[in-house]
Amino acid sequence: MILMMLAVTASLTVVITMIFYGRSADQIEENYVENLYARIRQMGEALDESLGEIYFLTVQASCDEDILAKTKDYLASGEEERLAEIAQLLRMYSKRNVDVGSIYLMLPQEKIAETTLTPQLIEDPLRESGHLLVFSSPVEDSDGRICAYIMSNLTERSLYYNYLDGLEDGKTSKAMLLDGTGRIVSAKELFEVGRNHEAKQENGEKPENEQEMISVQYQMDFFGYSFWMEREKSEVLFDLKEIQAFMAVILAAVFGIGAVLIILITRAMYQPLKNLTETMELVSGGELFRRVEVTAKDEIGTLSKNFNDMLAHIESLIGRLVQEEMLKKNAELEALQYQITPHFMYNTLNSIKYAALLRGEEEIGGLIEDFTELLQASIKKKGRFVTVADEVHFAQNYMNLQRMRYEEEIVVDYQVQEEAFACFVPRLVLQPLVENAILHGLDLKAGKNRTVIGGKVEEGRLCLWVEDNGRGMSEAQIEQLLQENHKKEKGLSGIGVSNVKERMQLYYGEAGKVTCVSSEAGTKVCMCLPAYKEQDRYAL
Amino acid sequence: MAWLGRKVKIMGFAAAITLGICVISGCARNEKQNTRKEPYIIGVVTKSRDSEYWMSVCSGMEKAARDYGVSVRIVSPDSESNDKMQKKMIHDLIQQEVDALAISPIASEDTSYLGEAAGKEIRIVAYDTKLLADGIPYIGIDNRKAGEELAACMADKLGNRGKVGIVTGDLRQTAHSERMEGILSYIEENTDMEVAFIESGYANLLISDVEISRIFSEYPDVEGIFATSGVTALGIRQYLKESPVLVMTVDAQQDALTAVENGEIAVLAAQSGYDIGYETVRFIAENKENDEAVLEDRILEADILTEDGPLP
Chain A
1 MILMMLAVTA
11 SLTVVITMIF
21 YGRSADQIEE
31 NYVENLYARI
41 RQMGEALDES
51 LGEIYFLTVQ
61 ASCDEDILAK
71 TKDYLASGEE
81 ERLAEIAQLL
91 RMYSKRNVDV
101 GSIYLMLPQE
111 KIAETTLTPQ
121 LIEDPLRESG
131 HLLVFSSPVE
141 DSDGRICAYI
151 MSNLTERSLY
161 YNYLDGLEDG
171 KTSKAMLLDG
181 TGRIVSAKEL
191 FEVGRNHEAK
201 QENGEKPENE
211 QEMISVQYQM
221 DFFGYSFWME
231 REKSEVLFDL
241 KEIQAFMAVI
251 LAAVFGIGAV
261 LIILITRAMY
271 QPLKNLTETM
281 ELVSGGELFR
291 RVEVTAKDEI
301 GTLSKNFNDM
311 LAHIESLIGR
321 LVQEEMLKKN
331 AELEALQYQI
341 TPHFMYNTLN
351 SIKYAALLRG
361 EEEIGGLIED
371 FTELLQASIK
381 KKGRFVTVAD
391 EVHFAQNYMN
401 LQRMRYEEEI
411 VVDYQVQEEA
421 FACFVPRLVL
431 QPLVENAILH
441 GLDLKAGKNR
451 TVIGGKVEEG
461 RLCLWVEDNG
471 RGMSEAQIEQ
481 LLQENHKKEK
491 GLSGIGVSNV
501 KERMQLYYGE
511 AGKVTCVSSE
521 AGTKVCMCLP
531 AYKEQDRYAL
Chain B
541 MAWLGRKVKI
551 MGFAAAITLG
561 ICVISGCARN
571 EKQNTRKEPY
581 IIGVVTKSRD
591 SEYWMSVCSG
601 MEKAARDYGV
611 SVRIVSPDSE
621 SNDKMQKKMI
631 HDLIQQEVDA
641 LAISPIASED
651 TSYLGEAAGK
661 EIRIVAYDTK
671 LLADGIPYIG
681 IDNRKAGEEL
691 AACMADKLGN
701 RGKVGIVTGD
711 LRQTAHSERM
721 EGILSYIEEN
731 TDMEVAFIES
741 GYANLLISDV
751 EISRIFSEYP
761 DVEGIFATSG
771 VTALGIRQYL
781 KESPVLVMTV
791 DAQQDALTAV
801 ENGEIAVLAA
811 QSGYDIGYET
821 VRFIAENKEN
831 DEAVLEDRIL
841 EADILTEDGP
851 LP
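So the sequence lines, in the order shown, correspond to chains A and B.
Just so we're aligned: the first sequence equals residues 1 to 540 in our numbering.
Just so we're aligned: the second sequence equals residues 541 to 852 in our numbering.
Right, dumping it as structure tokens:
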């Protein structure tokens with residue numbers, strides 16, 4: 001991870017450095033060009049002004065009435081003295097500008113260059129070699145006839161030394177003065193003067209394809225002349241190399257500092273993470289008591305603390321679970337202990353039963369047997385579902401005991417179909433209905449002592465009912481019977497009709513129903529449920 | 541494996557950022573414009589180059605040239621009377637094939653060069669002084685109106701009566717002739733004042749004491765003098781010293797303005813040389829694509845200044 005971060009940092013640093021280097025290089029080159037441009041512009045403006053001044057004095061001299069008069073005089077008389085006077089006047093003009101080499105009066109028969117505002121480059125007419133930059137203006141009399149020309153001359157060499165020489169320093173640069181058409185007006189090498197210069201460009205710009213040289217050009221406002229200058233790029237590159245070295249040092253320093261910082265920061269971040277990972281591995285190996293050492297308050301610190309809290313919580317949950325398990329086991333042990341007592345009771349009751357039979361008390365023996373069976377059915381914990389046959393048998397046992405208790409003749413008519421006997425029902429659902437009929441239905445004193453216990457299977461449903469011919473029940477009594485929720489204190493068990501109804505709903509849902517119909521002729525409580533013959537089909 | 545995937549993702553992200561930086565920085569590099577259009581060149585001919593007025597005209601022109609991206613080539617004769625030299629310079633600029641020519645003519649009636657300029661499709665504009673030719677737009681103040689306003693001020697100060705004199709510049713220049721006409725027509729139509737004398741030919745040259753002395757000995761009862769040029773007015777004022785004779789003129793030079801503040805010059809119709817120069821170049825630059833159109837004059841306002849401040 002550290003290596004990866006270092007790699008990312010290094011690549012970013014290199015890229016940023018390269019961008020800054022590129023920028024700096026561009027900036028240096030741009031500044032260099034601007035600097036060169038500023039220099040030639042300064043020279044250009046100075047020359048422009050000077051040329052403007054020479055133009056002015058040339059035109060002024062050509063309009064000089066004195067010169068006109070003396071020229072006309074000379075042309076008429078041919079007196080040399082006039083020429084000397086004209087020369088004197090022209091000297092006065094030439095002294096007004098340092099760049100003016102000479103001012104001539106050319107007589108019209110000597111045809112010279114066309115007169116314009118822009119000076120012309122001509123071969124020096126007096127000397128065999130060398131060039132002159134000439135302003136000329138015609139001297140006209142009042143009729144517009146040209147008597148002569150005034151020519152103000154600048155020697156090419158004076159132009160070079162006054163303006164271009166200062167721009168050239170050393171062998172790495174070159175400067176030229178070009179006219180509006182790109183012809184070289186002045187240059188260091190004399191043979192170049194008058195030639196066309198190829199690399200003519202716009203002001204202040206350098207050609208894109210030029211790799212070795214930087215060139216700049218300034219075109220003067222007034223005369224359209226241009227200063228052109230080029231310089232070898234290597235001079236600029238010297239500065240760039242310094243920048244390169246500087247950038248390399250900066251790059252190394254930034255990278256070094258960055259690397260140290262990354263290592264320190266990563267360590268600081270990584271150590272708590274490592275602790276956390278190790279602890280997690282130990283905990284997942286089962287050592288729940290392990291805890292992470294929390295050293296910081298950052299995200300990892302929070303994570304570690306939360307992990308520790310989670311472990312503590314898990315430990316407490318496990319503790320509670322163990323505790324509950326132990327309590328449960330204890331309860332089961334206790335329950336086993338309680339089961340001993342009924343066995344003893346059944347054994348004792350059987351002994352009494354057989355003692356009674358041995359003495360010929362068959363009725364008492366039978367009653368004791370009924371009671372024992374009923375007791376077993378109500379206390380027995382295993383098997384929540386029994387067959388209808390068993391249920392009917394429990395009801396018979398109960399009836400036998402009740403007959404003995406009330407000493408009255410209770411007539412029970414069993415109308416259970418053979419098919420229904422094998423079906424399963426929840427244990428002790430019939431006895432509460434029979435009990436209800438005896439306790440609340442029958443009116444033994446009035447001779448209403450008949451009870452019917454019925455059962456049948458119809459369309460896959462089992463219906464069991466208990467009917468009496470007793471007092472009958474009001475609607476309110478029926479409702480109380482089915483809804484009453486309190487624990488029953490009378491009778492064989494704590495189980496009432498409402499309990500039967502609840503159990504039917506619990507086991508069979510909508511399919512399990514208990515209904516009660518009553519009239520003056522008696523009451524019929526009926527329960528319906530699915531008919532089935534697998535004991536635990538509806539076990540919860 | 542998941543960790544490896546994340547590594548690849550991070551590396552990819554870093555690479556994407558790097559590439560993005562490179563692209564952005566590459567795109568942000570300013571490529572220098574490699575070509576430049578030929579500038580529109582306006583040749584300018586002034587009347588003179590030594591007075592403050594003409595220097596301010598040139599200053600206004602150069603500023604406008606910078607503002608509107610044109611180039612000006614200004615030439616000036618040595619004095620306001622050297623029409624020969626000015627004409628040569630106009631000729632040279634036409635030969636130079638400038639795109640437009642702004643002229644303040646010394647001789648308003650001389651239009652001989654217009655044909656030559658038209659042949660080279662050079663637009664001619666007159667500024668400061670009108671050129672007496674059809675279709676040549678003029679940029680400057682309304683000189684006739686300036687003359688009328690000066691005359692109105694004089695009439696007000698003298699109570700519509702008394703003798704006044706006029707010293708004008710070269711009457712070949714419409715600036716001076718129109719000012720004089722304005723003065724004369726106002727006096728004739730609206731006042732009982734009498735114009736005792738008209739001396740012409742003084743233009744931006746200090747009138748000599750001998751001349752002034754001659755004038756005042758000939759017309760001792762003159763109460764007010766109009767000078768169509770500020771320099772002339774200042775020369776007269778210098779001679780008059782504490783004399784109560786009122787001097788009124790048209791100018792914009794700083795010394796004339798100071799003379800108004802000091803009360804030496806009673807009323808000055810001030811034209812701003814800078815504004816005239818600026819407006820001239822602006823006028824040409826704004827119409828440079830509009831070669832065929834006949835352009836209207838652009839009249840600039842002249843402020844009438846007194847010792848107490850500008851008149852509304």
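Note that beta-carbon positions come from the ideal geometry of N, C-alpha and C, so glycine has one too.
As the structure is a prediction and not an experimental result, all values here were calculated from the model.
**Prompt:** So which residues of chain A does residue 618 of chain B contact, with C-beta pairs closer than 7 Å?
**Reply:** Here residue 618 of chain B refers to the residue found at position 78 when the second sequence is read from its first residue. What residue 618 of chain B touches in chain A: 60.
**Message:** Please report the straight-line C-alpha distance between residue 472 of chain A and residue 440 of chain A, rounded to a whole angstrom.
**Reply:** Your numbering for residue 472 of chain A matches position 472 in the first sequence. Your numbering for residue 440 of chain A matches position 440 in the first sequence. Taking the straight line from one Cα to the other gives about 9 Å.
**Item:** Residues that residue 619 of chain A contacts on chain B, provided the C-beta gap is smaller than 9 Å
**Value:** Beyond the ends of chain A as shown, which are 1 and 540, falls residue 619 of chain A; an answer cannot be given.
**Request:** Output the distance between the C-alpha atoms of residue 174 of chain A and residue 41 of chain A, rounded to the nearest integer angstrom.
**Result:** The count along the first sequence starts at 1 and reaches residue 174 of chain A at position 174. The count along the first sequence starts at 1 and reaches residue 41 of chain A at position 41. For residue 174 of chain A and residue 41 of chain A, the distance between alpha carbons rounds to 15 Å.
**Asked** Which term fits residue 708 of chain B, buried or exposed, when burial requires 16 or more other beta carbons within 10 angstroms of its beta carbon?
**Response** Taking the second sequence and counting its residues from 1, the one referred to as residue 708 of chain B is at position 168. Under this definition residue 708 of chain B is a buried residue.
**Asked** Given a limit of 7 Å on CB to CB distance, which residues of the segment 216-241 of chain A reach chain D?
**Response** Any reference to chain D falls outside this structure, whose protein chains are A and B.
**Prompt:** How is residue 96 of chain A classed by DSSP in three states: helix, strand or coil?
**Reply:** Within the first sequence, residue 96 of chain A is the residue found at index 96, counting from 1. Coil at residue 96 of chain A, not helix or strand.
**Message:** Need the endpoints of the alpha helix (DSSP H) that residue 272 of chain A sits in, please.
**Reply:** Taking the first sequence and counting its residues from 1, the one referred to as residue 272 of chain A is at position 272. Taken as a continuous stretch (DSSP letters only), the alpha helix (DSSP H) holding residue 272 of chain A covers 233-284.
**Prompt:** Does any C-beta atom of chain A lie closer than 9 Å to the C-beta of residue 840 of chain B?
**Reply:** In the second sequence, residue 840 of chain B corresponds to position 300, counting from 1. Output row for residue 840 of chain B: interface = no.
**Asked** Taking Cβ to Cβ, would you say residue 793 of chain B is nearer than 9 Å to residue 592 of chain B?
**Response** Numbered from 1 along the second sequence, position 253 holds the residue referred to as residue 793 of chain B. Numbered from 1 along the second sequence, position 52 holds the residue referred to as residue 592 of chain B. Contact: yes.
**Asked** Counting Cβ pairs, one atom from each stretch, are 3 or more of them under 8 Å apart for the segment 672-691 of chain B and the segment 627-640 of chain B?
**Response** no
**Request:** For residue 143 of chain A, count neighbouring C-beta atoms within 10 Å of its own C-beta (all shown protein chains included) and say buried if the count is 16 or more, exposed if not.
**Result:** In the first sequence, residue 143 of chain A corresponds to position 143, counting from 1. When all chains shown are included, residue 143 of chain A counts as exposed.
**Prompt:** Between A:133, A:183 and A:386, which lies nearest to residue 102 of chain A when the distance is taken from Cα to Cα?
**Reply:** Residue mapping note: residue 102 of chain A aligns to position 102 of the first sequence, counting from 1. Ranking the options by Cα distance to residue 102 of chain A, first place goes to A:133.
**Asked** Just how far apart, CA to CA, sit residue 157 of chain A and residue 580 of chain B?
**Response** As a working mapping, residue 157 of chain A is identified with position 157 in the first sequence. As a working mapping, residue 580 of chain B is identified with position 40 in the second sequence. Cα to Cα, residue 157 of chain A sits roughly 32 Å from residue 580 of chain B.
**Asked** Exposed or buried, residue 329 of chain A, counting other C-beta atoms within 10 Å across all chains shown (16 or more means buried)?
**Response** In the first sequence, residue 329 of chain A corresponds to position 329, counting from 1. Counting Cβ neighbours within 10 Å, residue 329 of chain A comes out exposed, since fewer than 16 surround it.
**Message:** Since residue 558 of chain A and residue 517 of chain A should fall inside the 8 Å C-beta cutoff, what is the C-beta to C-beta distance between them, to a whole number of angstroms?
**Reply:** In the structure displayed, chain A extends from 1 to 540; residue 558 of chain A sits before or after that span and is not available.
**Request:** Report the rounded CA-to-CA distance for residue 259 of chain A versus residue 268 of chain A, giving the unit in angstroms.
**Result:** Walking along the first sequence from the start, residue 259 of chain A turns up at place 259. Walking along the first sequence from the start, residue 268 of chain A turns up at place 268. One C-alpha to the other measures close to 14 Å.
**Prompt:** What whole-angstrom Cβ distance do residue 371 of chain A and residue 427 of chain A have, given they're in contact under 8 Å?
**Reply:** On the first sequence, position 371 is the one that residue 371 of chain A refers to. On the first sequence, position 427 is the one that residue 427 of chain A refers to. In fact, because the Cβ distance is near 17 Å, the residues do not count as touching under 8 Å.
**Asked** For residue 444 of chain A, which three-state DSSP category applies?
**Response** Position 444 of the first sequence, counting from 1, holds the residue named residue 444 of chain A. Coil.
**Item:** For residue 821 of chain B and residue 604 of chain B, believed in contact at Cβ under 8 Å, the rounded distance
**Value:** Counting from 1 along the second sequence, the entry for residue 604 of chain B is found at position 64. Counting from 1 along the second sequence, the entry for residue 821 of chain B is found at position 281. Indeed they touch by this definition, with Cβ atoms about 4 Å apart.
**Request:** For residue 841 of chain B, count neighbouring C-beta atoms within 10 Å of its own C-beta (all shown protein chains included) and say buried if the count is 16 or more, exposed if not.
**Result:** Locating residue 841 of chain B in the second sequence gives position 301, counting from the first residue. Under this definition residue 841 of chain B is an exposed residue.
**Asked** When DSSP labels each residue in this structure, what does residue 153 of chain A get in the three-state scheme?
**Response** Here residue 153 of chain A refers to the residue found at position 153 when the first sequence is read from its first residue. Three-state result, residue 153 of chain A: strand.
**Prompt:** From residue 279 of chain A to residue 320 of chain A, what distance separates their C-alpha atoms?
**Reply:** Stepping through the first sequence from its first residue, residue 279 of chain A is reached at position 279. Stepping through the first sequence from its first residue, residue 320 of chain A is reached at position 320. Their backbone Cα atoms lie some 24 Å apart in a straight line.
**Prompt:** Alpha carbon to alpha carbon, how far is residue 192 of chain A from residue 153 of chain A?
**Reply:** In the first sequence, residue 192 of chain A corresponds to position 192, counting from 1. In the first sequence, residue 153 of chain A corresponds to position 153, counting from 1. If I take the Cα positions, the gap works out to 20 Å.
**Item:** Contact with chain A by residue 613 of chain B, beta-carbon distance below 9 Å
**Value:** Locating residue 613 of chain B in the second sequence gives position 73, where the first residue counts as 1. Yes, because at least one Cβ of chain A sits closer than 9 Å to the Cβ of residue 613 of chain B.
**Prompt:** For residue 839 of chain B, which three-state DSSP category applies?
**Reply:** Numbered from its first residue, the second sequence carries residue 839 of chain B at position 299. Reduced to three states, the DSSP call for residue 839 of chain B is strand.
**Message:** Given a cut-off of 9 Å on the beta-carbon distance, is the pair residue 671 of chain B and residue 766 of chain B in contact?
**Reply:** To locate residue 671 of chain B, count along the second sequence from 1; it is residue 131. To locate residue 766 of chain B, count along the second sequence from 1; it is residue 226. No, these two residues do not count as a Cβ contact at 9 Å.
**Message:** Tell me which residue opens and which closes the alpha helix (DSSP H) that residue 667 of chain B is part of.
**Reply:** On the second sequence, position 127 is the one that residue 667 of chain B refers to. For residue 667 of chain B, no alpha helix (DSSP H) run applies; the uninterrupted beta strand (DSSP E) run containing it begins and ends at 663-667, by DSSP.
**Inter-residue Cα distance where the pair is residue 739 of chain B and residue 616 of chain B** = Numbered from its first residue, the second sequence carries residue 739 of chain B at position 199. Numbered from its first residue, the second sequence carries residue 616 of chain B at position 76. Answer to the nearest angstrom: the Cα atoms are 26 Å apart.
**Asked** By the criterion of Cβ-Cβ separation under 7 Å, what are the contact partners of residue 147 of chain A in chain B?
**Response** The residue labelled residue 147 of chain A in the question sits at position 147 within the first sequence. Chain B residues near residue 147 of chain A: none, gap ~14 Å exceeds 7 Å.
**Message:** Quick check on residue 587 of chain B: does DSSP put it in helix, strand or coil?
**Reply:** The residue given as residue 587 of chain B occupies position 47 in the second sequence. In the structure shown, residue 587 of chain B sits in coil (DSSP, three-state: anything other than H, G, I, E or B).
**Prompt:** Under three-state DSSP, which class holds residue 791 of chain B?
**Reply:** One-based indexing of the second sequence puts residue 791 of chain B at position 251. Of the three classes helix, strand and coil, the one that applies to residue 791 of chain B here is strand, per DSSP.
**Item:** Own chain, CB closer than 6 Å to residue 32 of chain A, minus 5 neighbours either side, in chain order
**Value:** Numbered from 1 along the first sequence, position 32 holds the residue referred to as residue 32 of chain A. Closer than 6 Å at Cβ, skipping near neighbours: 236.
**Request:** Run down chain A in chain order and give the residues with a C-beta less than 7 Å from the C-beta of residue 624 of chain B.
**Result:** In the second sequence, counting from the first residue as 1, residue 624 of chain B sits at position 84. Result: 63.
**Message:** Could you give the first and the last residue of the continuous beta strand (DSSP E) run that contains residue 216 of chain A?
**Reply:** Counting from 1 along the first sequence, the entry for residue 216 of chain A is found at position 216. Per DSSP, the unbroken beta strand (DSSP E) holding residue 216 of chain A starts and ends at 213-219.
**Message:** If we define contact as Cβ-Cβ less than 9 Å, is residue 56 of chain A a contact residue for chain B?
**Reply:** Here residue 56 of chain A corresponds to residue number 56 of the first sequence, with the count starting at 1. Closer than 9 Å to some Cβ of chain B, the Cβ of residue 56 of chain A qualifies, so yes.
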